[in-house]
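Notes follow the structure.
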Amino acid sequence: MDHGTTLTQFIIEEQRRIPGATGDFTSLLNDILTACKKIACAVNRGGLIGILGSADTENVQGETQKKLDIISNDVMINSLEWTGHLAGMASEEMDDPLSIPAMYPKGKYLILFDPLDGSSSIDVNVSVGTIFSILRCPEGVKEPKVEDFLQPGTQQVCAGYAIYGPTTMLVMTSGHGVNGFTLDRSIGEFILTHSDMKIPADTQEFAINMSNQRFWDVPIKRYVDECIEGKEGPRKKDFNMRWVASMVAEVHRILTRGGIFMYPLDSKLKAKGQTGKLRLMYEANPMSFIVEQAGGASSTGTARIMDLQPNDLHQRVPVVLGSKVEVEKVVAYHQEADKKAVA
Ligand code: AHM
Ligand code: MG
Numbered sequence: 006m007d008h009g010t011t012l013t014q015f016i017i018e019e020q021r022r023i024p025g026a027t028g029d030f031t032s033l034l035n036d037i038l039t040a041c042k043k044i045a046c047a048v049n050r051g052g053l054i055g056i057l058g059s060a061d062t063e064n065v066q067g068e069t070q071k072k073l074d075i076i077s078n079d080v081m082i083n084s085l086e087w088t089g090h091l092a093g094m095a096s097e098e099m100d101d102p103l104s105i106p107a108m109y110p111k112g113k114y115l116i117l118f119d120p121l122d123g124s125s126s127i128d129v130n131v132s133v134g135t136i137f138s139i140l141r142c143p144e145g146v147k148e149p150k151v152e153d154f155l156q157p158g159t160q161q162v163c164a165g166y167a168i169y170g171p172t173t174m175l176v177m178t179s180g181h182g183v184n185g186f187t188l189d190r191s192i193g194e195f196i197l198t199h200s201d202m203k204i205p206a207d208t209q210e211f212a213i214n215m216s217n218q219r220f221w222d223v224p225i226k227r228y229v230d231e232c233i234e235g236k237e238g239p240r241k242k243d244f245n246m247r248w249v250a251s252m253v254a255e256v257h258r259i260l261t262r263g264g265i266f267m268y269p270l271d272s273k274l275k276a277k278g279q280t281g282k283l284r285l286m287y288e289a290n291p292m293s294f295i296v297e298q299a300g301g302a303s304s305t306g307t308a309r310i311m312d313l314q315p316n317d318l319h320q321r322v323p324v325v326l327g328s329k330v331e332v333e334k335v336v337a338y339h340q341e342a343d344k345k346a347v348a
């Protein structure tokens, strides 16, 4: 029985189209797939093996870690450090970049990852995921330091996420469109099921944590108010709202049926000295690469996310991404608000 194109076959065929490709990147992706399968297994067994719940530790961001955050982070490290394809790794769950142990060969790539995004909801059994971003290690650098990782999103070689939901899927881009693969557990392979994913330009669905409404700036308030006014308001159509509190699930829905996702900077975050909720290097950049490759747009509200020059490994940014027309509307509302403020 033919199960279809496996992800490994897909990336090897892509590699053949790139003159001079060594196969390094293909092998690295294969190692990431293995890590994601292991995390899928752990997430899937959850309560059966007692790994739900809090680990009673905090990460660099001051967030309480779940047992599965730590397990997923360890799986990523153990699956990738020995392979010889990486020069360094950075994770949302670790303060500093991780060097490749001296006993292993070093490669030319850097990886940044959020090992288990949405993990604060893991105990309620919603879809969570692993997000990754691959960069080239700067030429001649053997021991990459923080500054070597601080490359704008436009420099990403590849970005992807694994979503652990009713099915486990891996969605990725290496700059030639977005493809989605579903894990066929009977053969242990990711099979191409969603080729050339495109975000529908037209949408009537928005996603934002409405409980933060009173903290939002004017442009976000205006945009959401107009969505809620529906047919009777300036948008002249009804909108639907979704909030899973798991960015991977949110982006996956938008890739499947369109929509806009927003986690803006608000006065509550500002009061805590934060510049946003979501992390530029582990969440915003890889998701922006995927969304743009699928024909959508991704912005802070005032700037394209992938153009930002990162200043910190754990930098947080406002995020507005999804269907192009809607993202452009939010950006236009920011520009209008700025003009008013100057006048
Ligand atoms: P995490 O990386 O610690 O899981 O946090 C990121 C998550 C996103 O997946 C999600 O969009 C957001 O945090 C939800 O935030 P909130 O709980 O404020 O709604
Ligand atoms: Mg996250």
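Residues in the sequence shown are numbered consecutively from 6, following our numbering. Think of the CB as a built atom: it goes at the ideal place given N, C-alpha and C, for glycine as much as any other residue. Note that the structure is predicted; figures quoted are calculated from it, not measured.
Endpoints, the alpha helix (DSSP H) within which R309 is located: Position 304 of the sequence shown, counting from 1, holds the residue named residue 309. Unbroken run through R309: none, as it is neither H nor E.
Beta carbon of P120 nearer than 8 Å to that of D61: Indexing the sequence shown from 1 puts residue 120 at position 115. Indexing the sequence shown from 1 puts residue 61 at position 56. It is not a contact, given that the beta carbons lie outside the stated cut-off.
Range of the contiguous beta strand (DSSP E) that encloses M81: Along the sequence shown, read from residue 1 onward, the residue named residue 81 stands at position 76. Taken as a continuous stretch (DSSP letters only), M81 belongs to no beta strand (DSSP E), being part of the alpha helix (DSSP H) at K72 to L85.
Tell me whether R252 counts as near the ligand AHM, meaning its Cβ is closer than 7 Å to at least one heavy atom of that ligand. As a first step, residue 252 is located in the sequence shown; it is residue number 247 there, counting from the start. The sequence given here has Met at residue 252, not Arg. Yes, the ligand AHM has a heavy atom inside 7 Å of this Cβ.
Residue nearest to R227 in terms of C-alpha spacing, selected from L34, T11, A45 and H339: As a position in the sequence shown, residue 227 is number 222, starting the count at 1. Considering only alpha carbons, the answer is H339.
Can you tell me whether Y166 is buried or exposed, with buried defined as 16 or more other CB within 10 angstroms of its CB? Working through the sequence shown from its first residue, we reach residue 166 at position 161. By the neighbour-count definition (other C-beta atoms within 10 Å, threshold 16), Y166 is a buried residue.
Please confirm whether any heavy atom of the ligand AHM lies closer than 7 Å to the CB of E255. Here residue 255 refers to the residue found at position 250 when the sequence shown is read from its first residue. Under cutoff, so the answer is yes.
Starting from H199, trace the beta strand (DSSP E) both ways and give me its first and last residue. Taking the first residue of the sequence shown as position 1, residue 199 is located at position 194. First-last of the beta strand (DSSP E) with H199: E194 to H199.
Taking only three categories from DSSP, how would you classify M267? Walking along the sequence shown from the start, residue 267 turns up at place 262. Note: M267 maps to strand in three-state DSSP.
Using DSSP with H/G/I as helix, E/B as strand and the rest coil, what is C46? To locate residue 46, count along the sequence shown from 1; it is residue 41. Under the three-state reduction of DSSP output, C46 falls in the helix class.
Should E63 be listed as close to the ligand AHM, given that the test is whether its C-beta is under 7 Å from any heavy atom? Here residue 63 refers to the residue found at position 58 when the sequence shown is read from its first residue. The beta carbon of E63 sits no closer than 7 Å to any heavy atom of the ligand AHM.
Straight-line CA distance for G180 to F294? By one-based count along the sequence shown, residue 180 stands at place 175. By one-based count along the sequence shown, residue 294 stands at place 289. Taking the straight line joining both Cα atoms gives about 8 Å.
I want to know whether the region 110 to 120 touches the region 81 to 98 - three or more CB-CB distances under 8 Å. The region 110 to 120, when compared against the region 81 to 98, does touch it at the 8 Å Cβ threshold.
Can you tell me which of D36, Q161 and V176 puts its alpha carbon nearest to the alpha carbon of L313? If you number the sequence shown from 1, residue 313 lands on position 308. Out of D36, Q161 and V176, Q161 has the C-alpha closest to the C-alpha of L313.
Is the closest heavy atom of the ligand GTP to the C-beta of N78 under 7 Å? No copy of the ligand GTP occurs in the structure displayed; its ligands are the ligand AHM and the ligand MG alone.
Classify A289 as helix, strand or coil using the three-state DSSP reduction. Position 284 of the sequence shown, counted from the start, is the residue given in the question as residue 289. The three-state reading of DSSP puts A289 in helix, counting H, G and I together.
Short Cβ contact (8 Å threshold) for G134 with I82: Along the sequence shown, read from residue 1 onward, the residue named residue 134 stands at position 129. Along the sequence shown, read from residue 1 onward, the residue named residue 82 stands at position 77. Going by C-beta atoms, G134 is not nearer than 8 Å to I82.
Could you give the residue range of the beta strand (DSSP E) that holds V133? The count along the sequence shown starts at 1 and reaches residue 133 at position 128. Per DSSP, V133 is one residue of the beta strand (DSSP E) stretching across V133 to R141.
Whole-number beta carbon distance between F186 and L12, since they are thought to touch under 8 Å: Position 7 of the sequence shown holds residue 12. Position 181 of the sequence shown holds residue 186. Their Cβ separation, rounded to whole angstroms, is 5 Å, which keeps L12 and F186 in contact under 8 Å.
The alpha helix (DSSP H) enclosing I16, as first and last residue numbers: The count along the sequence shown starts at 1 and reaches residue 16 at position 11. Secondary structure note for I16: its alpha helix (DSSP H) is the uninterrupted segment L12 to R21.
Would you kindly work out how many angstroms separate the C-alpha atoms of Q279 and P24, rounded to a whole number? Against the sequence shown, residue 279 aligns to sequence position 274. Against the sequence shown, residue 24 aligns to sequence position 19. Taking the straight line from one Cα to the other gives about 44 Å.
Should G123 and V253 be called a contact, given that it needs their Cβ atoms to be closer than 8 Å? Residue 123 sits at position 118 when you count from the first residue of the sequence shown. Residue 253 sits at position 248 when you count from the first residue of the sequence shown. Result yes, Cβ atoms of G123 and V253 sit closer than 8 Å.
Quick check on the DSSP output: the beta strand (DSSP E) that includes F220 runs from which residue to which? Numbered from 1 along the sequence shown, position 215 holds the residue referred to as residue 220. Here F220 belongs to no beta strand (DSSP E), and DSSP marks it neither H nor E.
Taking 7 Å as the cut-off, is the C-beta of S125 nearer than that to any heavy atom in the ligand AHM? As a first step, residue 125 must be located in the sequence shown, where it is residue number 120. Relative to the non-hydrogen atoms of the ligand AHM, the Cβ of S125 comes within a distance shorter than 7 Å of at least one.
Just verifying my parser: in three-state terms, what is the DSSP assignment at I168? What you label residue 168 is simply residue 163 of the sequence shown in a count that begins at 1. The answer is strand: DSSP assigns I168 an E or B state.
Beta-carbon spacing of M246, F211 below 8 Å: Residue numbering aside, residue 246 sits at position 241 when the sequence shown is read from its first letter. Residue numbering aside, residue 211 sits at position 206 when the sequence shown is read from its first letter. At a Cβ-Cβ threshold of 8 Å, M246 and F211 count as neighbours.
For E18, which of G58, Q156 and L197 has the nearest alpha-carbon? In the sequence shown, the residue the question calls residue 18 occupies position 13. Distances from the CA of E18 to each of G58, Q156 and L197 were compared; the closest alpha carbon is that of L197.
With distances taken between CB atoms, is the gap from A276 to L283 smaller than 8 Å? Position 271 of the sequence shown holds residue 276. Position 278 of the sequence shown holds residue 283. Taking 8 Å as the Cβ cut-off, A276 and L283 do not qualify as a contacting pair.
State yes or no: is the C-beta of N130 nearer than 7 Å to some heavy atom of the ligand AHM? Counting from 1 along the sequence shown, the entry for residue 130 is found at position 125. Result no, Cβ not under 7 Å from the ligand AHM.
Label N49 either buried or exposed according to how many other C-beta atoms from any shown protein chain fall within 10 Å of its C-beta, with 16 as the threshold for buried. By one-based count along the sequence shown, residue 49 stands at place 44. Classification for N49: exposed.
Any beta carbon from chain D within less than 8 Å of A289's own beta carbon? Within the model displayed, chain D is absent; a lone protein chain is all it includes.
Is Y166 near the ligand AHM, judged by its Cβ being under 7 Å from some heavy atom? In the sequence shown, counting from the first residue as 1, residue 166 sits at position 161. Result no, Cβ not under 7 Å from the ligand AHM.
Backbone CA spacing between D101 and F154 [nearest angstrom]: Here residue 101 corresponds to residue number 96 of the sequence shown, with the count starting at 1. Here residue 154 corresponds to residue number 149 of the sequence shown, with the count starting at 1. A direct Cα-to-Cα measurement between D101 and F154 gives close to 11 Å.
Separation of K345 from D222, as counted between CA atoms: Start at 1 with the first residue of the sequence shown, and residue 222 comes out as number 217. Start at 1 with the first residue of the sequence shown, and residue 345 comes out as number 340. D222 and K345: Cα-Cα distance of roughly 13 Å.
Among C163, I213, E231 and E331, which one has its Cα closest to the Cα of P291? Walking along the sequence shown from the start, residue 291 turns up at place 286. The option with the nearest alpha carbon to P291 is C163.
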